[in-house]
């Protein structure tokens, strides 16, 4: 019988990293070793613990990583609480990859890129950031503006310090919401920080974070002279099937799981304001 | 045209049922009609249509997708799909027959839903032309001819005889398989019956309902209409419209722990339910207005936007007769009509 996308594969969790007080990053491989499937930056996978639940998560590792996939997951509901409690060696189920991806091989190629992330919103962008870092010759300068509540809430902090900040042609601007002892970096909200940094409008922008942050960031970018056609984001809504059939993530004539999760802001303008 | 005398229908059913499982609409004890597996003694219902639509045959209300065996940290995925058997659904009306082609546009587009496709492949749809449409019928509004139903094979009754016409290869094979029981018949009386039915269809109260105001081009206009508040005000969110609807296809996937393994089920769901879009961190549709609007926008605007103008309604009228607050798609279409 032919396979069906609703029947998942088994994945083994081989590493669990406590990123922040409420975010853990899980490394997943196939029981036989290696990745369960290939993906493109921005695509997602349905992870499940049978009997607990199934949910859509962005794949935070880059496709250029040939050994494993990673998922940065915030503890938020039933399934994610269960995932946070599990130990290395635990098997879960995984199916995908689902959705479209950031246009890394088309529109983004050769461009100067500006990544703007808030909190766990870094997870989907990390896949793109590491992809373009690994294929450096195909892209222009990279600027990353990333903010969180506190220093402890910055996801992938160690990787940012050890790798991203040491790369040529990569500028990292971190910010936290409130002053914190022992840290002398920028303090303030992401949208305001972006305005302060006053990035060149020839950059293509990829933004992900809480809805309120995205809203103000987009407004700020427009003030700086950016147009909606040069700003991409990635969305999430409740999903069950992940292939545009169960009806849950339907907004207007689009399904976030299948037509998204990556949208350009001018495309979002055509949809009803319901996300 | 090949025909069989109506009083030999049971013989015919017995012959079909010898080769394949046969389902026909029968009258329940309470008088309402529903599809049942044919057994000797089953009489075909004379009702206009079944209470539930025929979508169950291809998209059942509940189905087991996959099982899991959990042992320590390990998971075994068990594909429980079995070889399907061929079956025949006899007596499907034109509206329900069209609903299958609408569901096909959801389940048979890439990635194909193999559960649905297997049943589609194994099922033969034999339709029955309507002779007594009711005042809640409005299939004609969506370009459906109740006197010439789609399906693999179509049947037509002149009161005494049932005539057969193949619409597909599968339908021809079905007619060939029963041809020894059929004979050539004169259609003069059938033509009269058909003409009379067409006359009734033209005079139905909803025959002049217009779809001109709907379709993908009017997305923002209808979404932002100020009519939704009034239309949705009394909606109980009971989901009856969704469950009797032949084209509603939203579903849920949930796991059930049997005590000796996990069974994953797919069940019908309704976008009118409050938890349909509820996530751990919030819900984009908090009010019944938004959920009500979603269902009708999907049928009248979003679905046609993605499917060459085809609407997600077949005018079967079930929601008109079943909604406890008498709200329905006809009222929505009239309220939103752009004059």
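Protein chains in written order, with the working numbering: chain A, 559 to 833; chain F, 336 to 674. Backbone N, C-alpha and C define an ideal beta-carbon position, used for all residues, glycine too. Computed from a predicted structure; not experimentally measured.
Taking the alpha-carbon positions, what's the residue i to residue j distance?
{"i": "residue 458 of chain F", "j": "residue 423 of chain F", "result": "6 Å"}
{"i": "residue 461 of chain F", "j": "residue 697 of chain A", "result": "59 Å"}
{"i": "residue 381 of chain F", "j": "residue 362 of chain F", "result": "8 Å"}
{"i": "residue 562 of chain A", "j": "residue 568 of chain A", "result": "14 Å"}
{"i": "residue 796 of chain A", "j": "residue 441 of chain F", "result": "19 Å"}
{"i": "residue 360 of chain F", "j": "residue 787 of chain A", "result": "55 Å"}
{"i": "residue 596 of chain A", "j": "residue 384 of chain F", "result": "49 Å"}
{"i": "residue 675 of chain F", "j": "residue 482 of chain F", "result": "Not covered by the structure: residue 675 of chain F. The range shown for chain F is 336 to 674."}
{"i": "residue 806 of chain A", "j": "residue 651 of chain F", "result": "25 Å"}
{"i": "residue 650 of chain A", "j": "residue 615 of chain F", "result": "20 Å"}
{"i": "residue 665 of chain F", "j": "residue 544 of chain F", "result": "8 Å"}
{"i": "residue 463 of chain F", "j": "residue 426 of chain F", "result": "5 Å"}
{"i": "residue 812 of chain A", "j": "residue 346 of chain F", "result": "50 Å"}
{"i": "residue 631 of chain A", "j": "residue 577 of chain F", "result": "34 Å"}
{"i": "residue 559 of chain A", "j": "residue 668 of chain A", "result": "Caution applies to residue 559 of chain A, whose pLDDT of 42 falls short of 50 and renders its modelled position unreliable; the value that the coordinates give is listed next. Going by the C-alpha atoms only, they are around 44 Å apart."}
{"i": "residue 706 of chain A", "j": "residue 675 of chain A", "result": "9 Å"}
{"i": "residue 622 of chain F", "j": "residue 573 of chain F", "result": "14 Å"}
{"i": "residue 568 of chain F", "j": "residue 624 of chain F", "result": "7 Å"}
{"i": "residue 585 of chain F", "j": "residue 804 of chain A", "result": "5 Å"}
{"i": "residue 824 of chain A", "j": "residue 790 of chain A", "result": "9 Å"}
{"i": "residue 733 of chain A", "j": "residue 687 of chain A", "result": "18 Å"}
{"i": "residue 662 of chain A", "j": "residue 753 of chain A", "result": "25 Å"}
{"i": "residue 622 of chain A", "j": "residue 471 of chain F", "result": "59 Å"}
{"i": "residue 495 of chain F", "j": "residue 539 of chain F", "result": "25 Å"}
{"i": "residue 579 of chain F", "j": "residue 658 of chain F", "result": "10 Å"}
{"i": "residue 636 of chain F", "j": "residue 609 of chain F", "result": "22 Å"}
{"i": "residue 469 of chain F", "j": "residue 593 of chain A", "result": "58 Å"}
{"i": "residue 583 of chain F", "j": "residue 626 of chain F", "result": "14 Å"}
What did DSSP end up calling residue i once you bin it into helix, strand or coil?
{"i": "residue 387 of chain F", "result": "coil"}
{"i": "residue 559 of chain A", "result": "Since pLDDT at residue 559 of chain A reaches only 42, below the 50 mark, its modelled position is unreliable, and no value is offered."}
{"i": "residue 570 of chain F", "result": "coil"}
{"i": "residue 698 of chain F", "result": "What the structure shows of chain F is the stretch from 336 to 674, and residue 698 of chain F is not part of that stretch, so it cannot be assessed."}
{"i": "residue 744 of chain A", "result": "strand"}
{"i": "residue 654 of chain F", "result": "helix"}
{"i": "residue 592 of chain A", "result": "coil"}
{"i": "residue 513 of chain F", "result": "coil"}
{"i": "residue 661 of chain F", "result": "coil"}
{"i": "residue 394 of chain F", "result": "coil"}
{"i": "residue 565 of chain A", "result": "coil"}
{"i": "residue 587 of chain F", "result": "strand"}
{"i": "residue 812 of chain A", "result": "strand"}
{"i": "residue 468 of chain F", "result": "coil"}
Considering only C-alpha positions, which residue in the set the options is nearest to residue i?
{"i": "residue 443 of chain F", "options": "A/802, A/649 and A/829", "result": "A/802"}
{"i": "residue 338 of chain F", "options": "F/528, F/523, F/517 and F/592", "result": "F/517"}
{"i": "residue 644 of chain F", "options": "F/583, F/366, F/552 and F/571", "result": "F/552"}
{"i": "residue 643 of chain A", "options": "A/583, A/811 and A/737", "result": "A/583"}
{"i": "residue 402 of chain F", "options": "F/597, F/554 and F/344", "result": "F/597"}
{"i": "residue 760 of chain A", "options": "A/712, A/677, A/604 and A/780", "result": "A/780"}
{"i": "residue 628 of chain A", "options": "A/683, A/707 and A/665", "result": "A/683"}
{"i": "residue 587 of chain A", "options": "A/602, A/580 and A/626", "result": "A/626"}
{"i": "residue 604 of chain F", "options": "F/624, F/575 and F/620", "result": "F/575"}
{"i": "residue 601 of chain F", "options": "F/438, F/428, F/636 and F/587", "result": "F/587"}
{"i": "residue 589 of chain F", "options": "F/619, F/655, F/527 and F/397", "result": "F/397"}
{"i": "residue 670 of chain A", "options": "A/570, A/606, A/729 and A/581", "result": "A/729"}
{"i": "residue 466 of chain F", "options": "F/455, F/445 and F/490", "result": "F/490"}
Would you call the region 598–618 of chain A in contact with the region 631–650 of chain A, where contact means no fewer than 3 C-beta pairs closer than 8 Å? The region 598–618 of chain A, when compared against the region 631–650 of chain A, does touch it at the 8 Å Cβ threshold.
Beta carbons nearer than 8 Å to chain A: which residues of the region 611–626 of chain F have them? Against chain A - using a Cβ distance shorter than 8 Å - the residues of the region 611–626 of chain F are 611, 612, 613, 614, 615, 616, 619, 620 and 625.
Does the structure place the region 563–580 of chain A close enough to the region 539–558 of chain F that three or more beta carbon pairs sit under 8 Å? The region 539–558 of chain F vs the region 563–580 of chain A: no contact.
Looking at chain F, which residues of the region 598–620 of chain A have a Cβ within less than 7 Å of any of its Cβ atoms? Listed by position along the chain: 608, 609 and 612.
Along the region 540–554 of chain F, what residues have a CB closer than 9 Å to any CB found in chain A? Residues of the region 540–554 of chain F whose Cβ lies closer than 9 Å to any Cβ of chain A, in chain order: 551 and 554.
I'd like to know if the region 806–825 of chain A and the region 652–661 of chain A are in contact, where contact means that at least 3 CB-CB pairs between them fall below 8 Å. Between the region 806–825 of chain A and the region 652–661 of chain A there are three or more C-beta pairs closer than 8 Å, enough to call the two in contact.
Which residues, taken in chain order from the region 777–811 of chain A, show a beta carbon closer than 9 Å to some beta carbon of chain F? Within the region 777–811 of chain A, those residues whose Cβ lies closer than 9 Å to any Cβ of chain F are, in chain order, 794, 795, 796, 798, 799, 801, 802, 803, 804, 805, 806, 807, 808, 809, 810 and 811.
Does the pairing of the region 563–570 of chain F with the region 506–513 of chain F give three or more beta-carbon distances under 8 Å? No: the two stretches stay apart, fewer than three of their Cβ pairs being nearer than 8 Å.
Given a limit of 8 Å on CB to CB distance, which residues of the region 698–711 of chain A reach chain F? Answer set for the region 698–711 of chain A: empty.
Identify each residue in the region 561–576 of chain F for which the Cβ-Cβ distance to at least one residue of chain A is less than 9 Å, and report them in chain order. Residues: none.
For the region 582–602 of chain F against the region 395–409 of chain F, are there 3 or more C-beta pairs whose distance is under 8 Å? Result yes; three or more Cβ-Cβ pairs closer than 8 Å.
Contact between the region 743–753 of chain A and the region 771–779 of chain A is defined here as three or more beta-carbon pairs at a separation below 8 Å; is this criterion met? The region 743–753 of chain A is in contact with the region 771–779 of chain A.
Going along the chain, which residues of the region 406–439 of chain F sit with their C-beta nearer than 7 Å to a C-beta in chain A? Result list: 408, 409, 410, 412, 414 and 416.
Residues from the region 578–592 of chain F in contact with chain A, defined by Cβ distance under 9 Å: Within the region 578–592 of chain F, the qualifying residues are 583, 584, 585, 586, 587, 588, 589, 590, 591 and 592.
Please determine if the region 532–541 of chain F and the region 474–490 of chain F are in contact, where contact requires at least 3 C-beta pairs separated by less than 8 Å. Counting Cβ pairs under 8 Å, three or more are found: they touch.
Closer than 9 Å, Cβ to any Cβ of chain F: which residues of the region 582–593 of chain A, in chain order? From the region 582–593 of chain A, only 589 have a Cβ closer than 9 Å to chain F.
Listed from N- to C-terminal order along the chain, which residues in the region 564–581 of chain A have their beta-carbon within a distance smaller than 7 Å of any beta-carbon of chain F? Those residues of the region 564–581 of chain A that come within reach of chain F (Cβ to Cβ, closer than 7 Å) are 564, 565, 566 and 568.
Residues, ordered as in the chain, of the region 632–648 of chain F that lie near chain A by beta-carbon distance below 7 Å: Here the close residues are 633, 637, 640 and 641.
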